[in-house]
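Taking numbering that gives the first Met the number 0, I'd label the letters of the sequence shown as residues 0 to 928.
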Amino acid sequence: MERVAIQDHQLLVLADGETPAARNNAKGHLFEDFTALLLHEYGYEAPNTSDLNVHSDGIEIDVTAVAVISRHRAVVECKSYTSNVRAQACTSFLGKLQLARYEEDGDVYGYLFAIPRLVAEGEEVARKAMSKDKLFRYFNVTDIVDLLRKRRIISDAPRKNTTPYPFSDPAVIITEHGIFSCSKILDPHTHLANAVLVWGKEGAPVPEPVIELLKTDTYSAGLPVQSTQEADAEKHSLRLEESTPLTIVRVRGSSADFEYQLPASPEYFIGRGSTVQELESFVDQLTGSLVLNAQSGWGKSSLALQLKRIVDARGGYSIVVDSRTATVTRFVSEVLRVASHEAQELGHISLPEDSSWASLTSSLWTLKRAEWAAAKRPFLIFFDQFENVFQDEQITREFRDLTLMLRDSELPILIGFAWKTDLVAWTESHPFRLRDEIRSSSTFISVGPMRAREIETLLRRLERSLETQLSRDLRQRLREYSQGLPWLFKKLGGHIIRQLGVHGKSQEQLVSEGLNVQSLFDSDLAGLSPVESDALRHIARFAPVSAMEVTEKYNAGAIQSLLDSRLVVALAGKLDTYWDTFRDFLNTGRVPIEDSYIVRQSPRAVAELLFAVTAAGGDASVSDLSEELHVSTKVIYNRSREPRLFGLTAYEPNRVRILDDLLNAQDFETEMRRRVASALRRNKAYSAFLGLAERQGDGASISAYARELTNVFPAVDAQPQSWVMYARSFALWFHYSGLAILSRDTLQIPPDGYSPTTSLRGSRTQRSHRDSNGHSNAFVVRNPKAALDFLQRLAASPLSQEEMNSLPRNSRRAINEVIALGLAHRSNGLIILSEGVVDSSHQVSASALLDALRTVPGGSNALGRIERDPHVSSYELGAEIRDAIGAEWGQSTLFKVGKDFRSWAKRAGVEVLRARALEESREEDDRLF
Numbered sequence: 000m001e002r003v004a005i006q007d008h009q010l011l012v013l014a015d016g017e018t019p020a021a022r023n024n025a026k027g028h029l030f031e032d033f034t035a036l037l038l039h040e041y042g043y044e045a046p047n048t049s050d051l052n053v054h055s056d057g058i059e060i061d062v063t064a065v066a067v068i069s070r071h072r073a074v075v076e077c078k079s080y081t082s083n084v085r086a087q088a089c090t091s092f093l094g095k096l097q098l099a100r101y102e103e104d105g106d107v108y109g110y111l112f113a114i115p116r117l118v119a120e121g122e123e124v125a126r127k128a129m130s131k132d133k134l135f136r137y138f139n140v141t142d143i144v145d146l147l148r149k150r151r152i153i154s155d156a157p158r159k160n161t162t163p164y165p166f167s168d169p170a171v172i173i174t175e176h177g178i179f180s181c182s183k184i185l186d187p188h189t190h191l192a193n194a195v196l197v198w199g200k201e202g203a204p205v206p207e208p209v210i211e212l213l214k215t216d217t218y219s220a221g222l223p224v225q226s227t228q229e230a231d232a233e234k235h236s237l238r239l240e241e242s243t244p245l246t247i248v249r250v251r252g253s254s255a256d257f258e259y260q261l262p263a264s265p266e267y268f269i270g271r272g273s274t275v276q277e278l279e280s281f282v283d284q285l286t287g288s289l290v291l292n293a294q295s296g297w298g299k300s301s302l303a304l305q306l307k308r309i310v311d312a313r314g315g316y317s318i319v320v321d322s323r324t325a326t327v328t329r330f331v332s333e334v335l336r337v338a339s340h341e342a343q344e345l346g347h348i349s350l351p352e353d354s355s356w357a358s359l360t361s362s363l364w365t366l367k368r369a370e371w372a373a374a375k376r377p378f379l380i381f382f383d384q385f386e387n388v389f390q391d392e393q394i395t396r397e398f399r400d401l402t403l404m405l406r407d408s409e410l411p412i413l414i415g416f417a418w419k420t421d422l423v424a425w426t427e428s429h430p431f432r433l434r435d436e437i438r439s440s441s442t443f444i445s446v447g448p449m450r451a452r453e454i455e456t457l458l459r460r461l462e463r464s465l466e467t468q469l470s471r472d473l474r475q476r477l478r479e480y481s482q483g484l485p486w487l488f489k490k491l492g493g494h495i496i497r498q499l500g501v502h503g504k505s506q507e508q509l510v511s512e513g514l515n516v517q518s519l520f521d522s523d524l525a526g527l528s529p530v531e532s533d534a535l536r537h538i539a540r541f542a543p544v545s546a547m548e549v550t551e552k553y554n555a556g557a558i559q560s561l562l563d564s565r566l567v568v569a570l571a572g573k574l575d576t577y578w579d580t581f582r583d584f585l586n587t588g589r590v591p592i593e594d595s596y597i598v599r600q601s602p603r604a605v606a607e608l609l610f611a612v613t614a615a616g617g618d619a620s621v622s623d624l625s626e627e628l629h630v631s632t633k634v635i636y637n638r639s640r641e642p643r644l645f646g647l648t649a650y651e652p653n654r655v656r657i658l659d660d661l662l663n664a665q666d667f668e669t670e671m672r673r674r675v676a677s678a679l680r681r682n683k684a685y686s687a688f689l690g691l692a693e694r695q696g697d698g699a700s701i702s703a704y705a706r707e708l709t710n711v712f713p714a715v716d717a718q719p720q721s722w723v724m725y726a727r728s729f730a731l732w733f734h735y736s737g738l739a740i741l742s743r744d745t746l747q748i749p750p751d752g753y754s755p756t757t758s759l760r761g762s763r764t765q766r767s768h769r770d771s772n773g774h775s776n777a778f779v780v781r782n783p784k785a786a787l788d789f790l791q792r793l794a795a796s797p798l799s800q801e802e803m804n805s806l807p808r809n810s811r812r813a814i815n816e817v818i819a820l821g822l823a824h825r826s827n828g829l830i831i832l833s834e835g836v837v838d839s840s841h842q843v844s845a846s847a848l849l850d851a852l853r854t855v856p857g858g859s860n861a862l863g864r865i866e867r868d869p870h871v872s873s874y875e876l877g878a879e880i881r882d883a884i885g886a887e888w889g890q891s892t893l894f895k896v897g898k899d900f901r902s903w904a905k906r907a908g909v910e911v912l913r914a915r916a917l918e919e920s921r922e923e924d925d926r927l928f
């Protein structure tokens, strides 16, 4: 009789469709029918569906039903996921059930179906609830399978097809053709899956469409699928695919202090005292997951090897895996298999005879049934270079499920991940929502640059390697250029060792030449032959790339030379450059340093913050700035991000501090503009603009640039309107720094010798108030209520021209008013809110209104009058605007225009007090003389 290596069944809902949406729709209806089938078996009529949700993690459905005999009502929720259902689902359902009973004023039954099952905490909640509430019932997948077997809806594999091979990963298949069963067949030696067997109830034939659907499902993972009737036709033989173990590449450490191509081995590891303490605390837990996050080159791999050393020192088992070889979902279970067998050889674990490594689920079930050593020895599996996994949603989901399942199982296993981060604020889209779920379920450690003390230790080790002291100037240069990045310091240190020891240069020469990282990378390429250089750039462009593919295109001697010089590393039949930063350099010709971030704040919003900090002496707390600018602390944090990226401010917890050399600059504005331009030149968004502008003739529209940004940041999922906002933010900063010229909605490459003149406060492009003939127009502001109401509406969503045309006349007038003020603009048939008009709390920004009022003819003069005399009359304000546009108005119009302008100024945060009495008669008297 076949042995089943895992108890819990999986539930596979398989449906065909031309599009993902069509398939999800079909799956939803199949699951709806399946839920109705379950309820029918418990004596209920066909249910009414209130909510149905099909997503990448599973299917959810909420229904109500009425019992056939007793006529009592039941509320039902059925959730089928790839991993166990969270406890919150149970507590939420119990609350929903009680609310239904209050509304019904009678007995209401509750049924919760959780597939595969609730997490341990949730199961405990459900058991307690069932013991107290006889009308509530919880079902997991085992209960459901038992019911299906009892009702003879499914059956075990027919005995006549029994094979000598063990079975694993049993599943129930739901299709439009009926309900079927399947299992994976294991290789008796490796315990890996090599085929899938599918059958109908009591030997019923399986339709060919069901087999085809199963072949394309992730469950099969490319294995051959065969029905029991096919096995009969072939005289009980099964077509088995030989199970080939995947290659697992381990992370290797350096053999010297300044071997920058590899992470530091534990014997060359320095500093990171607080981080190492956190790693030791993590190992003390003996179970759980860990995430190390840092920028590229900040020491994640070195810390992973240090974590391995901690585990090994405690007599445990550890493996650090290079995740760049993770190209299929079974990579996860294969690593578990390799690690478990190695641990068994060391005496840490004893695996059951009927082990199964057919899937992640069966692998964890195998480990649950294993016998672990009595001594509490840590068992660590660490996945390094994990950012490459995010390129594949299915593989990312497998790792996410590993994290969640381990947390629920409480197995004595430690799992670690390390991936690099950039400055993009990731959205909740796939696969980065999965990434966030891994991180939120784990102990999280954010790794920063090295501190001054740690750099000092590296400087002393460099002196020891050189057998001489470094000059003060060279020490200072190393501190500045290394930026606290371990890989960069090691790269610079190796360069100094070669230049001083091999080439005989003096320290003074090195100081005078500078320590430019790009020149160091250029020196790596200088000694290569043309063939080696071409092969290296090919590898960088397609990395990780198949070694066979490269050797077919380039001679093996050139590839071996690149491997010997350690510019290229081999990873399980694939080739990659020794460092991702070097790879980017080869592909772009530049060294990317924090060059993949989106600018969200406008110059005007940042200016308000920076000038407030300047007024406070160059250093202010977030709370003080929040009170000064009348915004939340969250707004201050958001506004402080861009100046920090541009090198204008330093990072200090809960403070904003302008860098001293900027604060003390002879021309603050010029130095600030220079720094912004320097930072933006290193941003991928700027090179994307240059490429787009050159293709379109030295210019690009904001809408075209927004579309281009979606390619620059392919992992960021945002609405089209958000991309337009990002594009406009970049454009405003390009305009301010002189990297481009923004004219209305077009961004142009500036001519040679162009010097920007706008200040940070006034970087917004001013709109002309003259018509096509050059004549002054008579635009004036009206009562602000309608316009401000419309701005609030635009904050929710853009307005189409058709929608505008259907509005009343007064509303259309308000729309034209905010467009004339520059608070909104037209783009591709839509009326869109301009950048910076609404703050993070979705309220209209007072500073934005104030800037807009200054663009009104006579507005600056009128604002000046109010600031000098808050009691200034409406008549005088109206006169300022009249004179600016050359109008001829009567007294009532002057009062009306002035009164409306006062209202706008008040909304813009200007101190406006009650206007003087009798202002009209005074003006009449003045005109008589």
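Here a beta-carbon is modelled for each residue, glycine too, at the ideal position from N, C-alpha and C.
It should be emphasised that the depicted structure is a prediction, and the values quoted were computed from it without experimental measurement.
P953 - containing beta strand (DSSP E), residue span: Residue 953 is absent from the structure shown; the chain starts at 0 and stops at 928.
Classification of E551 by the beta-carbon crowding that lies within 10 angstroms, buried from 16 upward: Taking every protein chain shown into account, the CB of E551 has fewer than 16 other CB atoms within 10 angstroms, so this residue is exposed.
Below-8 Å beta-carbon distance, S560 vs any chain D residue: Given the protein chain composition of this structure (a single chain), no chain D is represented.
Own chain residues within Cβ distance below 8 Å of D788, not counting five before or after: Closer than 8 Å at the Cβ level, and outside the excluded window around D788, lie A813.
CA-to-CA distance, E670 to V911, given in whole angstroms: Distance between V911 and E670, taken at the CA atoms: about 36 Å.
Segments of 3+ residues assigned as beta strand (DSSP E) that fall wholly inside the stretch 313–363: Taking only runs of at least 3 residues, the beta strand (DSSP E) segments lying wholly in the stretch 313–363 are 316–321.
Beta bridge counterpart(s) of A293 as assigned by DSSP: Per DSSP, K419.
F135 - partner residues in DSSP beta bridges: DSSP lists G109 as partners of F135.
Nonlocal neighbours in the same chain, by C-beta distance under 7 Å from S349, ignoring five residues either side: Closer than 7 Å at the Cβ level, and outside the excluded window around S349, lie Q343, A369 and E370.
With 16 other Cβ atoms within 10 Å as the buried cut-off, status of T576: By the neighbour-count definition (other C-beta atoms within 10 Å, threshold 16), T576 is a buried residue.
Simplified DSSP assignment, three categories, for D899: Judged by DSSP in its simplified three-state form, D899 adopts helix.
Contact between the stretch 614–622 and the stretch 843–856 (3+ Cβ pairs under 8 Å): Result no; under three Cβ-Cβ pairs closer than 8 Å.
Close beta carbons around R766, own chain, < 7 Å, minus the five adjacent residues each side: Only weak support is given to the placement of R766: the predicted model assigns it a pLDDT of 36, under 50, and the value that follows is read from those uncertain coordinates. The residues are G821 and T854.
Touch test, the stretch 310–329 against the stretch 389–403, Cβ-Cβ under 8 Å, three pairs minimum: Taking a contact to require three or more Cβ pairs closer than 8 Å, the stretch 310–329 and the stretch 389–403 qualify as touching.
Endpoints, alpha helix (DSSP H) assigned at N804: Taken as a continuous stretch (DSSP letters only), the alpha helix (DSSP H) holding N804 covers Q800 to N804.
Same chain, Cβ closer than 7 Å to Q559, five either side skipped, listed in chain order: For Q559, where only same-chain residues beyond five positions count, there are no Cβ hits under 7 Å.
Whole-Å CB distance - F381 paired with A293, under 8 Å assumed: Contact doesn't hold; Cβ gap of about 15 Å is too wide.
S810 versus S799 - alpha carbon distance: Our two residues, S810 and S799, have alpha carbons roughly 14 Å apart in a direct line.
Buried or exposed by the 16-neighbour rule on C-beta atoms within 10 Å, applied to H629: Per the 10 Å Cβ criterion, exposed.
Classification of S610 by the beta-carbon crowding that lies within 10 angstroms, buried from 16 upward: Note that residue 610 corresponds to Phe in the displayed sequence, not to Ser. Label assigned to F610: exposed.
Nearest residue (CA-CA) to V836, options F281, I538, S728 and K95: Ranking F281, I538, S728 and K95 by Cα distance to V836 puts S728 first.
Cβ distance (whole Å) where N193 is taken to contact L222 below 8 Å: With a Cβ gap of about 7 Å, N193 and L222 count as contacting.
Backbone CA spacing between W425 and V598 [nearest angstrom]: The pLDDT assigned to W425 is 39, lower than 50, so where the model puts this residue is not dependable; a value taken from the coordinates is nonetheless given after this. For W425 and V598, the distance between alpha carbons rounds to 13 Å.
Start-to-end residues for the alpha helix (DSSP H) that takes in A569: DSSP places A569 in no alpha helix (DSSP H) but in the uninterrupted beta strand (DSSP E) bounded by V567 to L570.
Cβ neighbour criterion (16 or more within 10 Å) applied to R674: Buried, by the Cβ-count rule.
Cβ-Cβ distance between L410 and K375 below 8 Å: With respect to the 8 Å criterion, L410 and K375 are not classified as neighbours on the basis of their beta carbons.
The stretch 495–502 contacting the stretch 268–279, beta-carbon criterion three pairs below 8 Å: Too few Cβ pairs lie closer than 8 Å, so no.
D579 versus A539: straight-line alpha-carbon distance, rounded: The straight-line gap from Cα to Cα measures roughly 9 Å.
Cutoff 7 Å; reference S620; Cβ partners in own chain excluding five residues on either side: Taken in chain order, the residues that qualify are N653 and R654.
Q228 versus W198 - alpha carbon distance: Each residue's alpha carbon lies about 8 Å from the other.
As assigned by DSSP and simplified to three states, the class of E651: Look at E651 here: in three-state DSSP terms it is strand.
Per-residue DSSP class, three states only, for I60: In the displayed model, I60 falls within a strand according to three-state DSSP.
Three or more C-beta pairs below 8 Å linking the stretch 674–692 and the stretch 638–648: Taking a contact to require three or more Cβ pairs closer than 8 Å, the stretch 674–692 and the stretch 638–648 qualify as touching.
Inter-residue spacing [alpha-carbon to alpha-carbon] between K898 and E801: Computed Cα separation, rounded: 33 Å.
DSSP three-state assignment for S702, whether helix, strand or coil: In the structure shown, S702 falls within a helical segment according to DSSP collapsed to helix, strand and coil.
R681, DSSP secondary structure in three states: If DSSP states are grouped into helix, strand and coil, R681 belongs with coil.
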